[in-house]
Structure formats: C-alpha cells, structure tokens
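For reference, the structure is listed below as structure tokens.
Residue numbers (my numbering): 696 to 909.
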C-alpha cells in the first residue's frame, strides 16, 4: 500500500512536472529552555547533516525524486524538512536544518541542567557537544483506513547521534523525537504542529539520555 501511495504521488508529479518543485516554506522554532546561572557550562561544536535522501522514513524508495534532489543541490537539501517526490517543505532562505537542530540541542542541554555558552566564554575544561543529524523529516504516509475517514496524518521524525567530549573522555548517545498532526492539506501551520510534539519529545529524551550517560 505504501508503494501505491508513492506511485500515486509520482504520477501526480509527472502531470505537474512542467511546474517544477512545489514548495511550502516552514518556519520551525523549537521550545526554549532557560539555563540556570550557576549551571555547568557547555559549548556546542559541529552539527553535521547526514540524512539519506534515498530513504523515506517508515516507507520504501527515495524521499524526493532524482530531478528534485538535483535541482535543489546540496545547499538546497540542507534546508528541506519534509516532502515527497516533487513536493518540498523547506525552511526560509538562509536557514538550514542544522540551525534548527542546534536550537534543539540548546534546549535539550539546558533542560538537562547545563548552560550553553559561546566558545569565547569557555575554558579548556568546558565540555563540547556535537551532533550528527540522522533524520529530520515530515511527510504524509498513506493509510487506507485514514484516507476513508479523512484523517490523514502528517508525521515527523527527528534522530541525532550526540557526542559529549569533556575532560573525562568522550561519550555518545542517540536522541530521537516523533510527532504527528492529523490534517487534510499541507500548510505551514499544519507542518509546524506536526513537528512540535517531536521537538518536545526530543528535549525530554535528551535530558533522560544525558542524565543516564554523562
């Protein structure tokens, strides 16, 4: 059934092929968490986008077709937060998925009892946190039962591999968040509402993993 859904989107894409990429711009703002003034300092290091655009979460096939990937290029793909085939949800011009994940890391770290500072305000003993983005995506998987009842659902996935490097060595853990929003059409607001629970779950999971690992 998933292949049928992807095939239907592909057919529609061919019909609209002359129109190019169909974009929905989405502004994403993870929840903020304030740090305590006396909390341990930490610096955020490298954040690397390692998403595989040849894989669709919980489905089969490419998340975007080859023509779309090629037209977007590496720089364009860095700002894409969801979509399927020729339909793309991307961040405003100049913003990247790495920027959203950095904001998530700040909230996660400060929720876990740390205080994020700039490298200039840190010393040699200040831990550095880096992250590899394994997944950050939103799309509407086909579900026959939901289609019959007009309750199709936008779903979101956020997965990162986090590395914490400090005076006592290096430790790593995986942090994930999942979200969704029942919606009949794509809009910035609906995509935002699908991502919000994923962000909230991510921040809670970050605190749990950090407390258990560090």
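Even for Gly, the Cβ is constructed at its ideal location relative to N, Cα and C. No experiment lies behind these values; they were computed from the predicted model shown.
* Any idea if residue 906 is buried or exposed, counting beta-carbon neighbours within 10 angstroms, 16 or more meaning buried? -> exposed
To the nearest angstrom, how far is the alpha carbon of residue 885 from that of residue 852? 15 Å
query: Is the stretch 812 to 828 in contact with the stretch 783 to 802, if contact means three or more CB pairs nearer than 8 Å?
result: yes
- Query: Is it true that the CB of residue 792 sits closer than 9 Å to the CB of residue 739?
  - Reply: no
First and last residue of the alpha helix (DSSP H) that includes residue 898? 883 to 908
Measuring straight from C-alpha to C-alpha, what distance separates residue 849 and residue 820? 43 Å
### Message
residue 831 and residue 870 - do their beta-carbons sit closer together than 9 Å?
### Response
no
- Message: Checking 9 Å against the spacing of the C-beta atoms, do residue 804 and residue 901 come in under that value?
- Response: yes
Q: Kindly indicate which three-state DSSP category residue 763 falls into: helix, strand or coil?
A: helix
Report the three-state DSSP secondary structure of residue 813 (helix, strand or coil). coil
Whose CA, out of 898, 790 and 757, lies closest to the CA of residue 782? 757
Exercise. Should residue 726 be flagged as near chain B, meaning a C-beta pair shorter than 9 Å?
Worked result: Here there is only one protein chain, and chain B is not present.
**3-residue-minimum beta strand (DSSP E) runs that sit fully inside the stretch 826 to 876, ordered along the chain** = 848 to 861
| message | Among the candidates 875, 834, 818 and 894, whose CA atom is the shortest distance from the CA of residue 855? | response | 894
Since residue 720 and residue 785 should fall inside the 8 Å C-beta cutoff, what is the C-beta to C-beta distance between them, to a whole number of angstroms? 6 Å
Cβ-based neighbour list, residue 735, same chain, cut-off 6 Å, excluding 5 preceding and 5 following: 809
Q.
Going by beta-carbon coordinates alone, are residue 742 and residue 806 separated by less than 9 Å?
A. no
Around the Cβ of residue 813, are there at least 16 other Cβ atoms within 10 angstroms (buried) or fewer (exposed)?
-> exposed
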